[in-house]
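Its first residue numbered 1, the sequence shown is counted upward by one per residue in full-length UniProt numbering.
Just so it is clear, CB atoms sit at the ideal spot from N, CA and C, and this is done for glycine as well.
Note that this is a predicted model, so its numbers are computed, not measured.
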Amino acid sequence: MLKAVGVSFGIAIGKALVISDEVVEVKKSKVSDSKGEVARFDNALKEAISELEKMVEGVKEKLGNEKAEIFEAHLCMLEDPEFIGAIQKKIDDEMVSAEYSLQTVSTETAAVFENMDNEYMKERAVDIRDVSKRVMNILMGIKVASIADIQDECILVARDLTPSDTAQIDKEKVLAFVTEIGGRTAHTSIIARSLELPAVVGAGSDIHQIKDGDLIIVDGEEGLVIIKPDEKTLNEYKIKREEFIESKHQLLKYATMSSITTDGKKVEIAANIGSAADLGAVLKNGAEAIGLFRTEFLYMANDALPTEEEQFVEYKSVLEKMNGKPVIIRTLDIGGDKKLDYLPMDEEMNPFLGYRAIRLCLDRTDIFKTQLRALVRASAFGKLKIMFPMICNIQELRAAKKLLEECTKELKSEGVTFDEKIEVGIMIEIPSAAIISDVLAKEVDFFSIGTNDLIQYTLAVDRMNEKISYLYDFYHPAVLRLIKIVIDNGHKAGITVNMCGEMAGDANLIPVLLGFGLDEFSMSAASILRARKTITNSSFKECEKLSEPVLTFGDADEIKDYIKANIKA
Ligand code: PEP
Ligand code: MG
Numbered sequence: 001m002l003k004a005v006g007v008s009f010g011i012a013i014g015k016a017l018v019i020s021d022e023v024v025e026v027k028k029s030k031v032s033d034s035k036g037e038v039a040r041f042d043n044a045l046k047e048a049i050s051e052l053e054k055m056v057e058g059v060k061e062k063l064g065n066e067k068a069e070i071f072e073a074h075l076c077m078l079e080d081p082e083f084i085g086a087i088q089k090k091i092d093d094e095m096v097s098a099e100y101s102l103q104t105v106s107t108e109t110a111a112v113f114e115n116m117d118n119e120y121m122k123e124r125a126v127d128i129r130d131v132s133k134r135v136m137n138i139l140m141g142i143k144v145a146s147i148a149d150i151q152d153e154c155i156l157v158a159r160d161l162t163p164s165d166t167a168q169i170d171k172e173k174v175l176a177f178v179t180e181i182g183g184r185t186a187h188t189s190i191i192a193r194s195l196e197l198p199a200v201v202g203a204g205s206d207i208h209q210i211k212d213g214d215l216i217i218v219d220g221e222e223g224l225v226i227i228k229p230d231e232k233t234l235n236e237y238k239i240k241r242e243e244f245i246e247s248k249h250q251l252l253k254y255a256t257m258s259s260i261t262t263d264g265k266k267v268e269i270a271a272n273i274g275s276a277a278d279l280g281a282v283l284k285n286g287a288e289a290i291g292l293f294r295t296e297f298l299y300m301a302n303d304a305l306p307t308e309e310e311q312f313v314e315y316k317s318v319l320e321k322m323n324g325k326p327v328i329i330r331t332l333d334i335g336g337d338k339k340l341d342y343l344p345m346d347e348e349m350n351p352f353l354g355y356r357a358i359r360l361c362l363d364r365t366d367i368f369k370t371q372l373r374a375l376v377r378a379s380a381f382g383k384l385k386i387m388f389p390m391i392c393n394i395q396e397l398r399a400a401k402k403l404l405e406e407c408t409k410e411l412k413s414e415g416v417t418f419d420e421k422i423e424v425g426i427m428i429e430i431p432s433a434a435i436i437s438d439v440l441a442k443e444v445d446f447f448s449i450g451t452n453d454l455i456q457y458t459l460a461v462d463r464m465n466e467k468i469s470y471l472y473d474f475y476h477p478a479v480l481r482l483i484k485i486v487i488d489n490g491h492k493a494g495i496t497v498n499m500c501g502e503m504a505g506d507a508n509l510i511p512v513l514l515g516f517g518l519d520e521f522s523m524s525a526a527s528i529l530r531a532r533k534t535i536t537n538s539s540f541k542e543c544e545k546l547s548e549p550v551l552t553f554g555d556a557d558e559i560k561d562y563i564k565a566n567i568k569a
């Protein structure tokens, strides 16, 4: 049995599908029969081509022609006489193994592409590596599973799943997942919650105890993975799974209620989404708004920067489906743990402290303005609010607003109609922004506290690192005090203060946040019903009184004990 971090509730029982991402380093080795070795390479090549042809067909059928283009490009590479000829020639001339020749030629070719000036050509290096890995795996007899191509029900077991891996998950087939690294607020965990898939992350090297095909149980609440359970345990968990489904069903009555406390205070429970596809669960659970649309997932699901038109269609569709309810769309927040294959960025020592979000957008105004134009155009179709991420000073906010103004002017002169009063807000997720929130509040319409980052930056704890996840603490007094400062400063300036970090959905903390005066709680769709149950059963006045002493404690454990003893979730 493994104990790690449970990040998405639910019980799953199924066969493990172990995804290996090991990079194999091939040593130089000589062969005596170079002709035979070339033939071995040619056979592997044929197999890779046939695999890719099948993928092109499958992807075209499931996801459309555009998504298949990447695999078509890979096919072209395997049919390129220059690239393939160089590998065959090296085997023949130098009497080396097919693996070694493939590794050397593909590394050299990828480096040539990488050093080109043209962005498009640079990106081809990724494809060369990818397609060469496919042939290498065949040569070495390594079986790799592709997430996009899973045929049978399974539980994914991997070192890590990138947000783009998770975006490809087919919920009909994938029952749960377990990863070696990651923490509660890593984006992979956030996607698990929005997919309502049980997940356990940060299992460390113990994960290697799970072998491909093993029957496993994943308990996403307790953070447990039980490998090859005995009959008794299996039956126990089958019952637990039924109970979980039943309790979810019971909560459904909260879907149609308003979020009003017993003493009549109205707050908003909103949802966090990554695409229009997430709206099913959001509407089913009765979210009163979208508090955070993480637009970067739209960029990650693409093979190239999405055009203004593509973005406009997606934003419009979300606004229309929300039918006049407020939708906060956050501008691109790429960087940190979210990467775009087609937008190569320099390696950074500290990506979370680096070229990320608004910093990138203010540098790449071409990318930023394309998005802002799409947003402004979409505003005609619902109640859109625009939010800038990772603001750390007033200059960034002003620069972002200036670019937005440029876009509205352009669109106006083009005769486009849009909402002239789009509200503009910022995420408060950097301690500097929290501390000067009195200043920032004067120039925005709303705040949204991004606790996922606010915690990592306040406590200097990487949100991805399972070794120090014990330090990543919602209850740290510094975090709670900063939140209170932001709420008070926002209210003094007469603006609303929301929260869209994962803390907003934490049933134990909701009464405290309610007492602090938070206006909107935005969370994964899966947390909405529990949150509404808590709010509709709480008295605002009581929460206010109970939350006051929280700010006097200096120790997170004291705060936890106090909440446990005094506040009923
Ligand atoms: C946050 O930092 O709390 C947040 C909501 O943004 P993200 O998780 O996308 O960084
Ligand atoms: Mg953030």
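Whole-angstrom distance between Val201 and Val7, CA atom to CA atom | Against the sequence shown, residue 7 aligns to sequence position 7. Against the sequence shown, residue 201 aligns to sequence position 201. If I take the Cα positions, the gap works out to 7 Å.
May I ask whether a heavy atom of the ligand MG can be found less than 6 Å away from the beta carbon of Gly324?
-> As a first step, residue 324 must be located in the sequence shown, where it is residue number 324. For the ligand MG, not one heavy atom lies less than 6 Å from the Cβ of Gly324.
Going by the CB atoms, is the gap between Ala176 and Asp12 shorter than 7 Å?
-> Working through the sequence shown from its first residue, we reach residue 12 at position 12. Working through the sequence shown from its first residue, we reach residue 176 at position 176. Note that residue 12 corresponds to Ala in the displayed sequence, not to Asp. In this structure, Ala176 lies closer than 7 Å to Ala12 by Cβ.
What residue range is occupied by the uninterrupted beta strand (DSSP E) comprising Val157?
-> In the sequence shown, counting from the first residue as 1, residue 157 sits at position 157. First-last of the beta strand (DSSP E) with Val157: Cys154 to Ala158.
Are the segment 520-534 and the segment 287-294 in contact at 8 Å, needing three or more beta carbon pairs?
-> yes
Straight-line gap, Lys303 to Tyr342 (C-alpha atoms, nearest Å) | Counted from its first residue, the sequence shown places residue 303 at position 303. Counted from its first residue, the sequence shown places residue 342 at position 342. The question names Lys, but residue 303 in the sequence shown is Asp. Their Cα atoms are separated by approximately 7 Å.
Just to check, is the beta-carbon of Gly450 closer than 6 Å to a non-hydrogen atom of the ligand PEP?
-> One-based indexing of the sequence shown puts residue 450 at position 450. Yes, the beta carbon of Gly450 sits closer than 6 Å to at least one heavy atom of the ligand PEP.
Straight-line gap, Tyr113 to Leu340 (C-alpha atoms, nearest Å) | Taking the first residue of the sequence shown as 1, we reach residue 113 at position 113. Taking the first residue of the sequence shown as 1, we reach residue 340 at position 340. The amino acid at residue 113 is misidentified as Tyr; the sequence shows Phe. Cα-Cα distance, rounded: 17 Å.
Does DSSP classify Ser8 as helix, strand or coil?
-> Reading the sequence shown from its first residue, position 8 is the one you call residue 8. Strand.
So, Ala441 versus Met390, is the Cβ gap smaller than 7 Å?
-> Residue 441 sits at position 441 when you count from the first residue of the sequence shown. Residue 390 sits at position 390 when you count from the first residue of the sequence shown. Result no, Cβ atoms of Ala441 and Met390 do not sit closer than 7 Å.
Contact check, Ile426 vs Phe388, beta carbons under 7 Å = What you label residue 426 is simply residue 426 of the sequence shown in a count that begins at 1. What you label residue 388 is simply residue 388 of the sequence shown in a count that begins at 1. Taking 7 Å as the Cβ cut-off, Ile426 and Phe388 qualify as a contacting pair.
Reduced DSSP secondary structure (H/G/I, E/B, other) of Asp219 | Counted from its first residue, the sequence shown places residue 219 at position 219. Here Asp219 sits in strand by DSSP.
Is Phe388 helix, strand or coil when you go by DSSP?
-> If you number the sequence shown from 1, residue 388 lands on position 388. Phe388: strand per DSSP, three-state reduction.
Quick one: Cα of Ile84 to Cα of Asp93, how far?
-> Here residue 84 refers to the residue found at position 84 of the sequence shown. Here residue 93 refers to the residue found at position 93 of the sequence shown. Using only the alpha carbons, I get a separation of about 14 Å.
Around the C-beta of Asn452, are 16 or more other C-beta atoms found within 10 angstroms, so that it is buried, or is it exposed?
-> The count along the sequence shown starts at 1 and reaches residue 452 at position 452. Classification of Asn452: buried, given that the 10 Å Cβ count is 16 or more.
Alpha carbon of residue 577 to alpha carbon of Val313, nearest angstrom = Only positions 1 to 569 of the chain appear in this structure, which leaves residue 577 out of reach.
Asp149 Cβ short of 6 Å to the ligand MG heavy atom set | In the sequence shown, residue 149 corresponds to position 149, counting from 1. No; taking the cut-off as 6 Å, the Cβ of Asp149 has no heavy atom of the ligand MG nearer than that.
Asp453 CB to nearest heavy atom of the ligand MG below 6 Å = In the sequence shown, the residue the question calls residue 453 occupies position 453. The answer is yes for Asp453.
For the alpha helix (DSSP H) holding Met300, just list the boundary residues, first then last.
-> Counting from 1 along the sequence shown, the entry for residue 300 is found at position 300. Residues Glu296 to Met300.
Length of the line joining the Cα atoms of Met136 and Asp278 | The count along the sequence shown starts at 1 and reaches residue 136 at position 136. The count along the sequence shown starts at 1 and reaches residue 278 at position 278. In a straight line, the C-alpha of Met136 is about 37 Å away from that of Asp278.
Outcome for Thr557 when other beta-carbon atoms lying within 10 angstroms are tallied against a minimum of 16 | In the sequence shown, residue 557 corresponds to position 557, counting from 1. Just to set this straight, residue 557 is Asp in the shown sequence, not Thr. Exposed, since its Cβ has fewer than 16 Cβ neighbours within 10 Å.
Please say whether Ala434 and Val486 have beta carbons closer to each other than 7 Å?
-> The residue given as residue 486 occupies position 486 in the sequence shown. The residue given as residue 434 occupies position 434 in the sequence shown. Yes. Within cutoff.
Near the ligand MG: Glu429 beta-carbon under 6 Å from a heavy atom = As a position in the sequence shown, residue 429 is number 429, starting the count at 1. The answer is yes for Glu429.
At a cut of 8 Å, does the segment 262-279 reach the segment 289-298 through at least three beta carbon pairs?
-> yes
Extent of the continuous alpha helix (DSSP H) to which Phe244 belongs | Here residue 244 refers to the residue found at position 244 when the sequence shown is read from its first residue. Its alpha helix (DSSP H) spans residues Glu231 to Leu251.
Given 8 Å, three or more beta-carbon pairs between the segment 508-517 and the segment 534-548 = yes
Gly425 CB to nearest heavy atom of the ligand PEP below 6 Å | By one-based count along the sequence shown, residue 425 stands at place 425. Checking every heavy atom of the ligand PEP against the Cβ of Gly425, none is found closer than 6 Å.
Cα-Cα separation, Gly14 to Ile239 = Taking the first residue of the sequence shown as position 1, residue 14 is located at position 14. Taking the first residue of the sequence shown as position 1, residue 239 is located at position 239. Approximately 15 Å between the Cα atoms of the pair.
Integer Cβ distance of Ile455 from Phe474, believed to fall under 8 Å | Within the sequence shown, numbered from 1, the residue matching residue 455 stands at position 455. Within the sequence shown, numbered from 1, the residue matching residue 474 stands at position 474. Yes, they are in contact, since the Cβ atoms of Ile455 and Phe474 sit about 7 Å apart, within 8 Å.
Under 7 Å between C-beta atoms of Gly382 and Leu319 = The residue you call residue 382 lines up with position 382 of the sequence shown. The residue you call residue 319 lines up with position 319 of the sequence shown. Yes, these two residues count as a Cβ contact at 7 Å.
Does the Cβ-Cβ distance between Val38 and Gln88 come in under 7 Å?
-> If you number the sequence shown from 1, residue 38 lands on position 38. If you number the sequence shown from 1, residue 88 lands on position 88. Cβ atoms of Val38 and Gln88: closer than 7 Å.
Assign residue 575 to one of two classes, buried (16 or more other C-beta atoms within 10 Å of its C-beta) or exposed (fewer than that).
-> This structure cannot settle anything about residue 575, because the visible part of the chain is limited to 1 through 569.
Just the C-alpha distance for Thr179 and Phe553, rounded to the nearest angstrom, thanks.
-> Start at 1 with the first residue of the sequence shown, and residue 179 comes out as number 179. Start at 1 with the first residue of the sequence shown, and residue 553 comes out as number 553. Whole-angstrom Cα-Cα distance: 35 Å.
Same chain only: Cβ atoms within 7 Å of Asp419, ignoring 5 sequence neighbours per side = Mapped onto the sequence shown, residue 419 falls at position 419. So the list reads Ser379, Ala380 and Leu384, once near-sequence residues are dropped.
Which one of Ala48, Ser97, Gln103 and Leu102 has the shortest CA to CA distance from Cys76?
-> In the sequence shown, residue 76 corresponds to position 76, counting from 1. Answer by Cα proximity: Ala48.
Since Ser258 and Ile142 are thought to touch, with beta carbons under 8 Å apart, how far apart are those beta carbons, to the nearest angstrom?
-> In the sequence shown, residue 258 corresponds to position 258, counting from 1. In the sequence shown, residue 142 corresponds to position 142, counting from 1. Contact flag wrong, Cβ pair sits at about 55 Å.
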